[in-house]
Amino acid sequence: MAALTESAPDMAGGAQPGPEPARVLEALELLLGPPADGDSAAEPSKERALCPETLRRNAAALEERLSGAAGWAALRQLRTAVLSRAPALAAGVAGPEPGWAAACGLLALLLCLKERLAALAAAPAVPAAPGAPPPPGADTLSVGQERALRRALRAAVGLGLLPHLPPGLGPGPALGPPPGSRGARLFAAVAALVELARLPALGAPLLARHLRLLLCGLCALGHGPAALCQGVSDAERAQCREALGDILDRVYQPLAVQELLVLQGQPKQRCPGAAPGWLRRLCGHLLSERLLRPSGVQAVVRGVLEGTDGGAGAEAAALDWRKCDAVGKILAACPQQCLSLEDYYRQVCPQILDLLHVQDKVSARQFQRVATSTVLSMAREQPQLAERLLLQPLLAPLRRCSEATELALQDLTAGAVLVPEAELGCCVEDVLKVFVVGNDSSSLLLGSLQPVLGVVFSLYSFARQNVSYLRSPCQDILLWFLEKAEREQALAVLGGLAGLSSHVPTLHPRCQLQVGSEGGAAVVLQETISDEDEALYQKISLEQCHVESLVELLSHCQKSGLAGDFFIHCLKELTQVAAEDEEAPNPAVEPGGSLLELEQHQARQGRKLLVLQLVAALCQGVSDTVFTDIEQVQQFLAAVLQRACAHPAQGPGAAAEAQTLAMAMGLVAAVLGGAVQLKSSDFAVLKRLVPLLEELSRSYPEPLTQELASDLRIAILTHGACSAGSLGTAAHGLMGTQPGTAAPSPAGRAPSPPAHRDSSSTGQSRGRDPGASAAPRAHSPAPGGLQELLESACDPQPPARAAALRHLASLVTQRDPEAVRLQEKLLQVFLENVQHEDAFVYLSAIQGVALLSSEYPERILPVLLAQYERPAQGKEDTMAAVTRMKLGEVLMRVTRALGDMVFRHREPLIRAFLRGARDPDGALRASSLSNLGELCQHLGFQLGSIIHEVTCCVTAIARTDPEAEVRRAAVHVVVLLLRGLSEKVTEVLRDVLRDLYRLLKHVATAERDAATVLHAQLALEELDAAMRRVLFPPQTLEKKIVVLP
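Numbering (the numbering used here), first residue to last: 24 to 1068.
1) May I have the straight-line CA-CA distance separating LEU302 from GLN287, to the nearest angstrom?
2) With distances taken between CB atoms, is the gap from GLU192 to LEU234 smaller than 8 Å?
3) Here's a check: name, in chain order, each residue in its chain whose Cβ is nearer than 6 Å to the Cβ of CYS372, leaving out the five neighbours to either side.
4) Please report the residue range of the beta strand (DSSP E) in which ALA545 lies.
5) On the three-state DSSP scale, how would you describe CYS450?
6) Thinking just about the alpha-carbon of each residue, which of VAL989, GLY922 and HIS928 is nearest to the one in GLY939?
7) Classify GLY794 as buried or exposed, calling it buried when 16 or more other Cβ atoms lie within 10 Å of its own Cβ.
8) According to DSSP, simplified to helix, strand and coil, what is GLN535?
9) DSSP on GLY288, reduced to helix/strand/coil?
10) Using only alpha-carbon positions, find the residue among ASP556, LEU216 and PRO228 that is nearest to ALA266.
11) Classify PRO153: buried if its beta carbon has 16 or more other beta carbons within 10 angstroms, exposed otherwise.
12) Please report the distance separating the alpha-carbon of CYS239 from that of ALA109.
13) Relative to the C-alpha of ALA935, which residue among VAL905, GLU892, LYS909 and ASP942 is closest?
14) Assess, as a yes-or-no matter, whether the stretch 455–468 is touched by the stretch 422–430 under the definition of 3 or more beta carbon pairs within less than 8 Å.
15) Please name the residue in ARG494, GLU557, ALA521 and GLU365 whose C-alpha comes closest to that of LEU408.
16) Taking only three categories from DSSP, how would you classify SER425?
17) If you count every other CB in all the chains shown that lies within 10 Å of the CB of VAL255, and 16 or more means buried, which is it?
18) So, does the stretch 178–189 touch the stretch 206–225, judging by three or more C-beta pairs under 8 Å?
19) Using the C-alpha atoms, what's the distance from ALA889 back to PRO799?
20) Is ARG948 close to chain D? Criterion is C-beta to C-beta, closer than 8 Å.
21) So which of ALA825, LEU1022, ALA148 and ALA117 has the shortest CA-CA distance to PRO158?
22) Strictly by DSSP, which residues pair up with VAL442?
23) Cα separation between LEU845 and ASP839?
24) Return the first residue and the last residue of the alpha helix (DSSP H) that PHE480 is part of.
25) To test your reading of the DSSP string, which unbroken alpha helix (DSSP H) runs of 4 or more residues are found completely within the stretch 977–1034?
26) Keeping to the same chain, check which residues put their C-beta closer than 6 Å to that of LEU948; ignore five residues upstream and five downstream.
27) Under the rule that 16 or more other beta-carbon atoms within 10 Å means buried, what is ASP588, buried or exposed?
28) Which parts of the stretch 838–871 are runs of the alpha helix (DSSP H), unbroken and 4 residues or longer, counting only runs that do not cross its ends?
29) Per the contact definition of three or more C-beta pairs closer than 8 Å, is the stretch 498–510 in contact with the stretch 393–406?
30) Determine the contact status of GLU596 and VAL656, defining contact as a CB-CB distance below 8 Å.
31) For THR683 and LYS702, what's the separation of their Cα atoms in angstroms?
32) By how many angstroms is the C-alpha of VAL324 removed from the C-alpha of GLU446?
33) For HIS246, which of PRO189, ALA220, GLY226 and GLU841 has the nearest alpha-carbon?
34) Judging by CA-CA distance, which residue of TYR483, GLU452 and GLY539 is the nearest neighbour of PRO443?
35) Where does LEU1067 fall in DSSP's three states?
36) Measure the beta-carbon distance from LEU874 to VAL835 and round it to whole angstroms, keeping in mind my assumption that it falls under 8 Å.
Here you go:
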């Protein structure tokens, strides 16, 4: 091997002319014989077996050609020189064994080809003609020549290398050469093949197809037992070890890993005998060396996971998570030859993090799974090293802008970028992959993630206000932590995110998030705001945004009970803040207060305002289903009762405190009254309220509240067996009052009328839709009950009035006989409440009128149309217009409910809306046009001749109306008309289609209002799509089969 290596430059760089590569390849084909039909490199299994007689005959023909044929002298001289430098090959060519002789002859000719290709590659290149493409290299082979070369290499390996491999690597001793010559012959074949692999033109096909066998030979000669290397000197074995390392370094590393894995332990179905122990140990050592190289982790992962055929196989490998987890565990284990565990982690951890950023779509999922599994395995086995070398670098961009980090601000200017957009987005995605996708809730991962949750929450709040892809991953990270953490830890983190505590460091006050150009965000240094008012405004806006983001985050945590626990935590915090506020003096009022006391007072007031803001936002955002079990209800009631015992209602906030207490006690009464199915264990939980109720019955200044507290205590202790009448009054008062509205005071009001109890008796939970309440309680009430409902519909309290209206609407739906008899009275009540200013009341009235009209359209609809066309007398113009718009909403609900039956009332409805489109009030004109468009969409092809009137009205308004909102509504009528007709546009609108098209083009070109232009463009698109369907109908391939009689 050394002799060949030293003499190669002499032959390549000499000036003597040599044989052409084509001549050498011709000699190789002569030695092997003509290929079989269809023989190719892609189909090696079709090649004919070379029998000994054929080999002897081909070798004799080659010797005869070399000795006497014209033009073969140069090849003969080069072959002689090559054999003189390789005595083992020369002896084999002249030997008696035809197989070994043919192998030596092939190797000698391949070495000759290598010498000639090297010489041609070293020669100066011929310059290309002007304008012509560059010529191929002098050492470039044609397709046919490459096919012949691959066939020769396959034969050389099969005849010269494979039979001489030791047992366990080759075919076995029965098919091998004589025992004494195995080592020397193996070294001669391996030395020639290694020499061929040094030239890229020959090394590429050789290593691509025969790398495994070549590695087997080098491993056996360089590292195998001495018994396998008889006839090989120590220097030659050292050369084999050096060549083994050189080849492994030069080949594609994943391929090297694959081949070493196969050598280490081949499946039994492929190799009957297992690999020897020395080879398994050697392959393990070599694999560890591949791993410790630069980019070795990725090479090992690719080598293990690649090898599938095509995209389908790669997808299947990506789904094989067990394989990925096994690779991750292997990477987490330190190799034996590594000096120290810390050095191994220091070298491998950056490469593991790089696996998360692989861009190849096919293999990205595999690499991310391996990286996640490796991080989790390292965190379990070596938590300190994993946190220092893996998790901290992973979270470094988030930690860099955290409040807990000390920034060197003197070296930075305002607007300087602390964390670029790409780095921040990559960090968030990496955290999502490792923590959320990995889904390992170990204390190390939770503890390392908690310090950066404030920055993640700030980023989530920022993404909610802007269009950013970071919103979803930030939300998933926060929800994952809140789900996996212990409840106390999760509540502490929520308090830190809300600003109630310092458990979670937030974004640095000098840092500011800025919208990125790629849909992400960047962290920049904020400019100092000199204007105090502007600074205060930004601070309040930021706090408000954070509170809204926190409430939205908690809306996803209601099933787990975390939202309810945090709501109770805020109530307890409010009680504590109020107690501290009462105990501490007000330095702004009392003279002699120090500046420190004033700052402390301001901090308490700010904290109180923040807690109040949180409680208000939670009541509005997640109060409907905030409590998931009786335990949370008890904690909520305990917090309210405790605050009432400590601070009875007095001062300016007495009314609100009294209403809160009334709501809490009403909730207890409702729970005890059957609103919730209680078990014996639930009463054990409710008994925790007994001391608070007893104290309230003694110390609260209101007598009725004392009596109610005493009755509640008795009912809890007796498990509901003894309950006074005041409990039912309190329970019905609560159910008639939705959370957030005025609750009846426990001291100063009479009990609610029976109608309130009927109307709200179905509110079994605080979170039920008001529209669904009061339905199943009374299927057929007595006339007295209906009369009470009619009276309650005029109650001054909006909740009671709305509940009565909802109950009346349910009676109409059930076709109650008494309600049918009094339908005119019901219509009058509903119409009177339509004019109410409270949204809950007039929406309930609108629903009732719509239900009544859809059930009895012949009698009710003319009354509504008359009211819509002629406003009530004695009303102001503005109030009359609002009432007519509400009636228009009623008419549209009736239109939707009637469906195809609306055709019977087509003309009066269109006439009413056309008259409304000429009203002096602009809002009413726009509302009438909107209703007209929806009606036309429902009528479709049933419009008939009325389409002319509609078109004239819409055209006139769209061209001449002074208000943009009305013109916008007119164009929207055309959009709805085209959508409703769809494919029937040309049939129904054939007389007015040209006028509508001209109108839309006029609006699109001359209109100044952007929204109106947008509506016109949408209408043109609808019209274009309809005309294309008519002019270019889709072609359908049909086959008609006619059955002859």
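Each residue gets a CB set at the ideal place from its N, CA and C atoms; glycine is no exception.
Walking through what the data contain:
1) 7 Å
2) The sequence shown places Leu at residue 192, rather than the Glu named in the question. Taking 8 Å as the Cβ cut-off, LEU192 and LEU234 do not qualify as a contacting pair.
3) LEU412 and LEU413
4) Segment 544–548, the beta strand (DSSP E) holding ALA545.
5) helix
6) VAL989
7) No answer about GLY794 holds up, because its pLDDT of 35 lies below 50 and its placement is not dependable.
8) Secondary structure at GLN535: strand, using DSSP grouped into helix, strand and coil.
9) coil
10) LEU216
11) exposed
12) Near 22 Å, if we compare the C-alpha coordinates of ALA109 and CYS239.
13) GLU892
14) no
15) GLU365
16) Taken through DSSP and simplified to helix, strand or coil, SER425 comes out as strand.
17) buried
18) yes
19) Low confidence applies here, because PRO799 scores a pLDDT of 33, under 50, leaving its location unreliable; read the following figure in that light. If I take the Cα positions, the gap works out to 34 Å.
20) Here there is only one protein chain, and chain D is not present.
21) ALA148
22) Answer is VAL546.
23) 10 Å
24) 476–488
25) Runs of the alpha helix (DSSP H) lying entirely within the stretch 977–1034, each at least 4 residues long, are 987–1004, 1008–1011 and 1016–1029 in chain order.
26) The displayed chain sequence assigns Arg, not Leu, to residue 948. Once the five neighbours on either side are set aside, the close Cβ partners of ARG948 are ALA940, ASP942 and VAL989.
27) Buried.
28) 840–844 and 846–857
29) When C-beta atoms of the stretch 393–406 are compared with those of the stretch 498–510, fewer than three pairs fall below 8 Å, so the two segments do not count as touching.
30) Contact: no.
31) 27 Å
32) 25 Å
33) PRO189
34) Relative to the Cα of PRO443, the nearest Cα in the group TYR483, GLU452 and GLY539 belongs to GLY539.
35) DSSP, read as helix, strand or coil, puts LEU1067 in coil.
36) Right, the Cβ-Cβ distance comes to about 5 Å (below 8 Å), so this counts as a contact.
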